[in-house]
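To start, the structure under review is shown below, and the notes come after it.
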């Protein structure tokens with residue numbers, strides 16, 4: 038199931054690409070995309086795994102850009 042989330046303080050396209058690559062490697066993620074232009078994260082994953090995936094995704098985001106947040 039696909040879910041989209043707004044992102045706040047995403048400052049560059051290169052950072053978005055790094056975040057996307059890291060989130061795609063997380064267990065349970067079927068696909069992920071981070072759009073710098075729309076400031077959105079789209080994750081395709083099983084509904085039951087989503088809370089765990091979002092927590093791990095936020096850690097990935099903070100490693101690349103400490104001020105960036107996924108708005109849930």
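Residue numbers (this note's numbering): 38 to 109. Even for Gly, the Cβ is constructed at its ideal location relative to N, Cα and C.
No residue range can be given for residue 109, since it is assigned to no alpha helix (DSSP H) and is classified by DSSP as neither H nor E.
The criterion of a C-beta distance shorter than 9 Å is not satisfied by residue 90 and residue 44. Judged by their CB atoms, residue 68 and residue 81 are nearer to each other than the 9 Å cut-off. Taken through DSSP and simplified to helix, strand or coil, residue 55 comes out as helix. Taking residue 46 as the centre and dropping the five residues before and after it, the same chain places the C-beta of 102, 104, 105 and 106 closer than 8 Å to its C-beta, in chain order.
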